[in-house]
Amino acid sequence: MNHSVSSVEASKSFGRISRQALESPLTITHHGHDSLVLMSHAEYLRLKSRDREVMTLSDFTEEDRAAVAAARIPSEAAQFDDETRDH
Numbered sequence: 045m046n047h048s049v050s051s052v053e054a055s056k057s058f059g060r061i062s063r064q065a066l067e068s069p070l071t072i073t074h075h076g077h078d079s080l081v082l083m084s085h086a087e088y089l090r091l092k093s094r095d096r097e098v099m100t101l102s103d104f105t106e107e108d109r110a111a112v113a114a115a116r117i118p119s120e121a122a123q124f125d126d127e128t129r130d131h
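Residues 45 to 131 in our numbering are what the sequence shown spells out, letter by letter.
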């Protein structure tokens, strides 16, 4: 469960809320709007490890492009065909 505190409360009670954030991420609000999230370093690293790198076609070698072109889609993937159709 994600808890939240105001930025005023966070400023006044940083020790308490930082200990709370070690257990689960804590949203800090500013004027009633979500502004920041305080979380443990371990949780940050876990989330950061899931980052993905965006690449463009020019980042791939000719060999990479040929391998993709030669790849065959497994029949099990047919269940996702509707996701590529225009709706």
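Glycine included, C-beta positions come from ideal geometry on N, C-alpha and C.
Inter-residue spacing [alpha-carbon to alpha-carbon] between residue i and residue j
| i | j | result |
| --- | --- | --- |
| Asp95 | Pro69 | 18 Å |
| Leu82 | Asp125 | 40 Å |
| Ile61 | Thr71 | 10 Å |
| Arg63 | Ala54 | 12 Å |
Buried/exposed call for residue i, threshold 16 Cβ in 10 Å
| i | result |
| --- | --- |
| Ile117 | exposed |
| Ala122 | exposed |
| Ala115 | exposed |
For residue j and residue i, believed in contact at Cβ under 8 Å, the rounded distance
| i | j | result |
| --- | --- | --- |
| Ser57 | Thr73 | Incorrect: roughly 14 Å between the Cβ atoms, too far for contact. |
| Ala113 | Ser84 | With 8 Å as the limit, Ala113 and Ser84 do not qualify as a contact, their Cβ atoms being about 44 Å apart. |
Selection from the options that minimises the alpha carbon distance to residue i
| i | options | result |
| --- | --- | --- |
| Thr100 | Arg109, Ser93 and Lys92 | Arg109 |
| His75 | Ser48, Ser93, Arg90 and Tyr88 | Ser48 |
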